[in-house]
Amino acid sequence: MTQLNTQHLRSYPNKPAQVYLYGTCLVDSFFPDSGIDAIEFLEQQGVEVLYPQGQSCCGQPAYNSGYQDEAKAVAIEQIKQFPLDIPIVIISGSCGGMMRHHYKDLLADDVPEIEKFCDRIFEFTEFLVNVLRVKLNDKGDPQRVALHTSCAARREMGVHITGRQLLGQLDNVELITHDYESECCGFGGTFSVKHPDISGAMVKDKTKNLLDTDVVKYISADWGCMMNINGSLDYQKKGLRGEHIATYLLNRTTNNGEA
Amino acid sequence: MNVHQVDPNESKYSASATAFRANVDRDLANDELRDNFRGAMDYLMDKRKNAFPIEDELETLREKCKLIKQRCLLKLPQLLEQLEANLQRNGIQVHWAESITDANEIIAQLIAQKNGKTVVKGKSMVSEETALNDYLEARDIECLESDMGEYIVQLAHQHPSHIIMPAIHQNKKQVAKLFADNIEGFEYTTDVDALIGEGRRVLRDKFCHADVGISGVNFAVAETGTLCLVENEGNGRMCTTVPDLHIAITGIEKVIEFLDDMPPLLSLLTRSATGQIISTYFNMITHRRQEGDKDGPAEVHLVLLDNGRSQAFADEEMRQTLQCIRCGACMNHCPVYTRIGGHAYGTVYPGPIGKIISPHMLGIDATKDLFTASSLCGACGDVCPVKIPIPKLLLRLRKESVRKQSDGSPQIMHGQGAGRKTIEALLWQGWSIVHKSPTLYRISMFMLTRCRGLMPKKIGPWTTVRTAPQPAAKTLHERIKARNKATTQGAK
Chain A
1 MTQLNTQHLR SYPNKPAQVY LYGTCLVDSF FPDSGIDAIE FLEQQGVEVL
51 YPQGQSCCGQ PAYNSGYQDE AKAVAIEQIK QFPLDIPIVI ISGSCGGMMR
101 HHYKDLLADD VPEIEKFCDR IFEFTEFLVN VLRVKLNDKG DPQRVALHTS
151 CAARREMGVH ITGRQLLGQL DNVELITHDY ESECCGFGGT FSVKHPDISG
201 AMVKDKTKNL LDTDVVKYIS ADWGCMMNIN GSLDYQKKGL RGEHIATYLL
251 NRTTNNGEA
Chain B
1 MNVHQVDPNE SKYSASATAF RANVDRDLAN DELRDNFRGA MDYLMDKRKN
51 AFPIEDELET LREKCKLIKQ RCLLKLPQLL EQLEANLQRN GIQVHWAESI
101 TDANEIIAQL IAQKNGKTVV KGKSMVSEET ALNDYLEARD IECLESDMGE
151 YIVQLAHQHP SHIIMPAIHQ NKKQVAKLFA DNIEGFEYTT DVDALIGEGR
201 RVLRDKFCHA DVGISGVNFA VAETGTLCLV ENEGNGRMCT TVPDLHIAIT
251 GIEKVIEFLD DMPPLLSLLT RSATGQIIST YFNMITHRRQ EGDKDGPAEV
301 HLVLLDNGRS QAFADEEMRQ TLQCIRCGAC MNHCPVYTRI GGHAYGTVYP
351 GPIGKIISPH MLGIDATKDL FTASSLCGAC GDVCPVKIPI PKLLLRLRKE
401 SVRKQSDGSP QIMHGQGAGR KTIEALLWQG WSIVHKSPTL YRISMFMLTR
451 CRGLMPKKIG PWTTVRTAPQ PAAKTLHERI KARNKATTQG AK
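Structure below.
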């Protein structure tokens, strides 16, 4: 189900000297390695990365739960942390969708020129492919991996293609498509705790489809989905794990090529 | 505009917060049911995909149809008046029903005037909405569903689990058993053609002797006063031509302005629903029987139902809900619907469209667990032929559900604020205070990472099927700070 979605068409700027990194709250406290790896990768591409220490969360959890005033207060604070007119690279499709699209609705009355801010938001893989136009040199051993494209990356940002393009540049990596690849893993933020049974049934199916392949790991650009899928795999005592695409690309393209 | 008042006793469906959760538990545990849905949804998704080989063409058509429906909704009151005038000019009587009780009373009265005792019905979800069969049967009027899926569901004393495929929750073995148990002289077989043949045989006789035919309407054309009916089995044509009295029932949002609006909508409807380029039958009803006609009903009536639709209409954003042409593609592509099936929702309309239309029909209190039961994956919005932004409307309903009632906010929806829980509201307020203050946030994350050894192994519902994630030893904030410091020192 690849659907042309004109809302995702945008013009991309030239390669900038500097970018901001938006780390996301989940990466900040649970998976910081991915943030560091994203920075190192971007630096290797000749881009200076600024990380404002005042950033916290995009506001999506409250927004998706209906608490829009609470989300708005947090969102306004995020915008203040990124004053320079440079791209903001975000290592999550769903937080990216929040800041690139939902901020326009949420903050239309509160932040003048909110559109300008939203236009500076780029998801990590989107930025690598469309702005930096990276050419990857794979230094790793032959490997088969799967790709989990998050729903927000796919449908809100239209960037599931870019993840596939990047993995496609790695000569020794074979990308395996699992069954129901485009189907949701069942995370959905507060959905997973409000309706744990439905969410549980969804993630069970997702892990089954991944396990049915013979991949050594699966790659994703979203820690929300991966926290869900990895948590389920761990619960089932399965060895398969997901890895953030920033980490994977960094490892595959640096000297030892270990990934 | 007054907000529609809901009488929960009016409906045989049991939408309520507790019922939904219990239904989900029941149906998730039913492996046969889950297999039936997964198989059927895979089939329908595949059919739809093959019906739209060119993506650009699909996108253009979707955009066009969205604009048609939006234009028609913008002029809704005016178009409804025009429709009424033109239908009456054509000899078709129009009746307005604000509630489902109004609709049922009108229909019962029309049948009583003709002394009708038997009804054959073409497929109509709006008549499911009004629980018309129950209403008429309580008045000793026999109602027979003539759509094969509806017939199966009626025989099983169930209600539709899908708006296009009412009996999709049953596999052929289950249907065979149902027929064997209920139809005299039927010999058990799982041959689908034989099963359908048997159903048709029973129905054929009923068509010829029924006093009344009741049908739904897919499009009501204001310009010409025409009722359009999409169907595949010919039963719709039988219901609307053989009995002497034809009563059509539909929701007020089905009106379209021009006859020219219909072909693109029809094309998208059948292809989105079943992957058909065109349905086997397409009926356009503009008259009752005219002099010299060999068949056709002596009287045709249209009942136009509101039942909460004007509440959706009154709000510009939620009005988009009424763009729906009832193709069912949203449920076919919904990972939640695929898992729990159509009955778990407890509403007439299941799946994503059910989550956004039911709150207007039943109020937020009875439906507040439905619109939270979505991961917001967006598959529904992606395939909606008229581009209803379903995920966005789910977010809007969540907002209305937890709206604080004491802040004097306008009454937009029946039952708004019903989903607000004090503890949850306090948690989000606390969350907001922490996350809007860089200092408080850093302190909290510092505490979280330093106390990671104390993290419980069980964290509520999360760990019923997953292990708990472990906080990192140090936050990204801290590590970058240290990294920058090292770089600066290294440079000195």
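Line by line, the protein sequences are chains A and B.
Reminder that position 104 of the first sequence reads as 104 in this note's numbering, one-by-one numbering, no gaps.
Reminder that position 71 of the second sequence reads as 71 in this note's numbering, one-by-one numbering, no gaps.
Ideal Cβ placement from N, Cα and C applies to all residues, glycine included.
These numbers were taken from a predicted model, which means no experiment stands behind them.
Exercise. So, helix, strand or coil for Tyr-20 (chain A), using DSSP?
Worked result: For the purposes of this step, residue 20 (chain A) is taken as the residue at position 20 of the first sequence. In the structure shown, Tyr-20 (chain A) sits in a strand (DSSP, three-state: E or B).
Problem set entry | Inter-residue spacing [alpha-carbon to alpha-carbon] between Gly-158 (chain A) and His-8 (chain A) | Position 158 of the first sequence, counted from the first residue, corresponds to residue 158 (chain A). Position 8 of the first sequence, counted from the first residue, corresponds to residue 8 (chain A). Going by the C-alpha atoms only, they are around 6 Å apart.
Problem set entry | Expected contact under 8 Å - CB spacing of Thr-286 (chain B) and Thr-224 (chain B) to nearest Å | Start at 1 with the first residue of the second sequence, and residue 286 (chain B) comes out as number 286. Start at 1 with the first residue of the second sequence, and residue 224 (chain B) comes out as number 224. Going by Cβ atoms, the distance from Thr-286 (chain B) to Thr-224 (chain B) rounds to 6 Å, so yes, they are a contact pair.
Problem set entry | Test: Val-465 (chain B) CB closer than 8 Å to a CB of chain A | As a working mapping, residue 465 (chain B) is identified with position 465 in the second sequence. Interface annotation, Val-465 (chain B): in contact with chain A, CB-CB separation under 8 Å.
For this session: For Glu-400 (chain B), I'd like the list of residues in its chain whose CB is within less than 6 Å of its CB, leaving aside the five on either flank, ordered along the chain.
Result: For the purposes of this step, residue 400 (chain B) is taken as residue 400 along the second sequence, with counting starting at 1. The answer, listed in chain order, is Met-413 and Gln-416.
For this session: Return the CA-CA distance between Lys-436 (chain B) and Arg-450 (chain B), expressed in angstroms with no decimal places.
Result: As a first step, residue 436 (chain B) is located in the second sequence; it is residue number 436 there, counting from the start. As a first step, residue 450 (chain B) is located in the second sequence; it is residue number 450 there, counting from the start. The alpha-carbon atoms of Lys-436 (chain B) and Arg-450 (chain B) are separated by roughly 22 Å.
Exercise. Since Lys-121 (chain B) sits in a beta bridge, which residues does DSSP pair it with?
Worked result: Residue mapping note: residue 121 (chain B) aligns to position 121 of the second sequence, counting from 1. In the DSSP output, where bridge partners are listed per residue, Lys-121 (chain B) has B:Glu-145 and B:Ile-214.
For this session: Helix, strand or coil for Gln-323 (chain B), going by three-state DSSP, please let me know.
Result: If you number the second sequence from 1, residue 323 (chain B) lands on position 323. Under the three-state reduction of DSSP output, Gln-323 (chain B) falls in the helix class.
Exercise. If contact means a Cβ-Cβ distance below 7 Å, which residues of the segment 428 to 457 of chain B contact chain A?
Worked result: Trp-428, Gln-429, Trp-431, Ser-432, His-435, Lys-436, Pro-438, Tyr-441, Met-445, Leu-448 and Thr-449
Problem set entry | Identity of the residues DSSP links to Glu-493 (chain B) by a beta bridge | With chain B covering 1 to 492 only, the question about residue 493 (chain B) has no answer from this structure.
Exercise. Is DSSP giving Tyr-218 (chain A) helix, strand or coil here?
Worked result: Numbered from 1 along the first sequence, position 218 holds the residue referred to as residue 218 (chain A). Of the three classes helix, strand and coil, the one that applies to Tyr-218 (chain A) here is strand, per DSSP.
Problem set entry | Proximal chain A residues relative to Ala-19 (chain B), where beta-carbon distance stays under 7 Å | Residue 19 (chain B) sits at position 19 when you count from the first residue of the second sequence. What Ala-19 (chain B) touches in chain A: nothing, since even the nearest Cβ is about 14 Å away.
For this session: Please report the Cβ distance between Ile-277 (chain B) and Ala-51 (chain B), rounded to the nearest whole angstrom; I am assuming they are in contact, meaning their Cβ atoms lie under 8 Å.
Result: What you label residue 277 (chain B) is simply residue 277 of the second sequence in a count that begins at 1. What you label residue 51 (chain B) is simply residue 51 of the second sequence in a count that begins at 1. About 7 Å; that satisfies the 8 Å criterion.
For this session: Could you tell me how far apart the beta carbons of Cys-58 (chain A) and Ala-75 (chain A) are, in whole angstroms, since I believe they sit closer than 8 Å?
Result: Within the first sequence, residue 58 (chain A) is the residue found at index 58, counting from 1. Within the first sequence, residue 75 (chain A) is the residue found at index 75, counting from 1. About 7 Å separates the two Cβ atoms, so the contact holds.
Exercise. Taking the Cβ atom as the reference point for each residue, do Ile-390 (chain B) and Ile-356 (chain B) lie within a distance shorter than 8 Å?
Worked result: Working through the second sequence from its first residue, we reach residue 390 (chain B) at position 390. Working through the second sequence from its first residue, we reach residue 356 (chain B) at position 356. Closer than 8 Å, so yes.
Exercise. For Cys-95 (chain A), does the count of other Cβ atoms within 10 angstroms reach 16, so buried, or fall short, so exposed?
Worked result: Locating residue 95 (chain A) in the first sequence gives position 95, counting from the first residue. Classification of Cys-95 (chain A): buried, given that the 10 Å Cβ count is 16 or more.
Exercise. Using the C-alpha atoms, what's the distance from Gly-122 (chain B) back to Gln-5 (chain B)?
Worked result: Residue mapping note: residue 5 (chain B) aligns to position 5 of the second sequence, counting from 1. Residue mapping note: residue 122 (chain B) aligns to position 122 of the second sequence, counting from 1. Reliability of the predicted coordinates at Gln-5 (chain B) is poor, the pLDDT of 40 falling under 50, and the value obtained from them is presented with this limitation in mind. Between Gln-5 (chain B) and Gly-122 (chain B), the C-alpha separation is close to 29 Å.
Exercise. Between Thr-2 (chain A) and Gly-163 (chain A), what straight-line distance do the alpha-carbon atoms span, to the nearest angstrom?
Worked result: Here residue 2 (chain A) is taken as the residue at index 2 of the first sequence, counted from 1. Here residue 163 (chain A) is taken as the residue at index 163 of the first sequence, counted from 1. Any reading at Thr-2 (chain A) needs caution, since the residue's pLDDT is 39, under 50, leaving its predicted position unreliable; the model's value is listed next. Rounded to the nearest angstrom, the two C-alpha atoms are 14 Å apart.
Exercise. Does any C-beta atom of chain B lie closer than 8 Å to the C-beta of Met-28 (chain A)?
Worked result: The residue you call residue 28 (chain A) lines up with position 28 of the first sequence. First, the residue type needs correcting, since residue 28 (chain A) is Asp and not Met in the sequence shown. Taking Cβ atoms only, chain B reaches closer than 8 Å to Asp-28 (chain A), which makes this a yes.
For this session: Pair every Cβ in the segment 438 to 450 of chain B with every Cβ in the segment 52 to 68 of chain A, then say whether three or more of these pairs are closer than 8 Å.
Result: yes
For this session: Flag this pair as yes or no: are the beta carbons of Ala-329 (chain B) and Val-242 (chain B) separated by less than 8 Å?
Result: What you label residue 329 (chain B) is simply residue 329 of the second sequence in a count that begins at 1. What you label residue 242 (chain B) is simply residue 242 of the second sequence in a count that begins at 1. Not a contact, by the Cβ cut-off of 8 Å.
For this session: Between the Cα of Tyr-103 (chain A) and those of A:Val-89, A:Thr-125, A:Ile-91 and A:Gln-78, spot the shortest distance and give me the residue it belongs to.
Result: Walking along the first sequence from the start, residue 103 (chain A) turns up at place 103. Of the candidates A:Val-89, A:Thr-125, A:Ile-91 and A:Gln-78, the one whose C-alpha sits nearest the C-alpha of Tyr-103 (chain A) is A:Gln-78.
Exercise. Would you say Pro-335 (chain B) faces chain A, with C-beta separation under 8 Å as the test?
Worked result: Sequence index remark: in the second sequence, residue 335 (chain B) carries index 335 (1-based). At least one chain A Cβ lies under 8 Å of Pro-335 (chain B).
Problem set entry | Cβ separation of Asn-283 (chain B) and Gly-351 (chain B), assumed to be a contact under 8 Å, to the nearest whole Å | As a first step, residue 283 (chain B) must be located in the second sequence, where it is residue number 283. As a first step, residue 351 (chain B) must be located in the second sequence, where it is residue number 351. Wrong, their Cβ atoms sit about 26 Å apart, outside the cutoff.
Exercise. Is the segment 136 to 149 of chain A touching the segment 103 to 118 of chain A, taking contact as three or more C-beta pairs under 8 Å?
Worked result: Here the segment 136 to 149 of chain A makes no contact with the segment 103 to 118 of chain A; the two share fewer than three CB pairs at distances below 8 Å.
Exercise. If we ignore side chains and look at the alpha-carbon of each, how far apart do Asn-90 (chain B) and Leu-259 (chain B) end up?
Worked result: Here residue 90 (chain B) refers to the residue found at position 90 when the second sequence is read from its first residue. Here residue 259 (chain B) refers to the residue found at position 259 when the second sequence is read from its first residue. So the two alpha carbons sit approximately 15 Å from each other.
For this session: Assess, as a yes-or-no matter, whether the segment 184 to 199 of chain A is touched by the segment 220 to 228 of chain A under the definition of 3 or more beta carbon pairs within less than 8 Å.
Result: yes
Exercise. Taking only beta-carbon atoms, is Gly-35 (chain A) less than 8 Å away from chain B?
Worked result: Here residue 35 (chain A) refers to the residue found at position 35 of the first sequence. By this cut-off, Gly-35 (chain A) is an interface position.
For this session: Pick out whichever of A:Asn-14, A:Asp-222 and A:Leu-250 has its Cα sitting closest to the Cα of Glu-123 (chain A).
Result: Against the first sequence, residue 123 (chain A) aligns to sequence position 123. Proximity to Glu-123 (chain A) across A:Asn-14, A:Asp-222 and A:Leu-250 peaks at A:Asp-222, based on C-alpha coordinates.
Problem set entry | Residue-chain proximity (Val-74 (chain A), chain B), Cβ-Cβ < 8 Å | Mapped onto the first sequence, residue 74 (chain A) falls at position 74. For Val-74 (chain A), at least one C-beta of chain B is nearer than 8 Å to its own C-beta.
Problem set entry | Inter-residue CB distance, Ile-269 (chain A) and Met-99 (chain A) (contact presumed, cutoff 8 Å) | Since the first and last residues shown for chain A are 1 and 259, residue 269 (chain A) lies out of range.
Problem set entry | Through-space distance from Val-126 (chain B) to Leu-322 (chain B), alpha-carbon basis | Indexing the second sequence from 1 puts residue 322 (chain B) at position 322. Indexing the second sequence from 1 puts residue 126 (chain B) at position 126. Cα to Cα, Leu-322 (chain B) sits roughly 14 Å from Val-126 (chain B).
Problem set entry | Arg-483 (chain B) versus Lys-217 (chain A): straight-line alpha-carbon distance, rounded | Walking along the second sequence from the start, residue 483 (chain B) turns up at place 483. Walking along the first sequence from the start, residue 217 (chain A) turns up at place 217. The alpha-carbon atoms of Arg-483 (chain B) and Lys-217 (chain A) are separated by roughly 29 Å.
For this session: Please compile the residues from chain B whose C-beta is within a distance smaller than 7 Å of the C-beta of Asn-172 (chain A).
Result: Translated into the one-based positions of the first sequence, residue 172 (chain A) becomes position 172. Those within 7 Å of Asn-172 (chain A) in chain B number zero; the least Cβ separation is about 30 Å.
Problem set entry | Val-74 (chain A), enclosing beta strand (DSSP E) - first and last residue | On the first sequence, residue 74 (chain A) is found 74 positions in, with the first residue counted as 1. No beta strand (DSSP E) holds Val-74 (chain A); the alpha helix (DSSP H) holding it covers 68 to 80.
Exercise. With a Cβ-Cβ cutoff of 8 Å, do Ile-214 (chain B) and Ile-163 (chain B) count as a contact?
Worked result: Position 214 of the second sequence, counting from 1, holds the residue named residue 214 (chain B). Position 163 of the second sequence, counting from 1, holds the residue named residue 163 (chain B). No, these two residues do not count as a Cβ contact at 8 Å.
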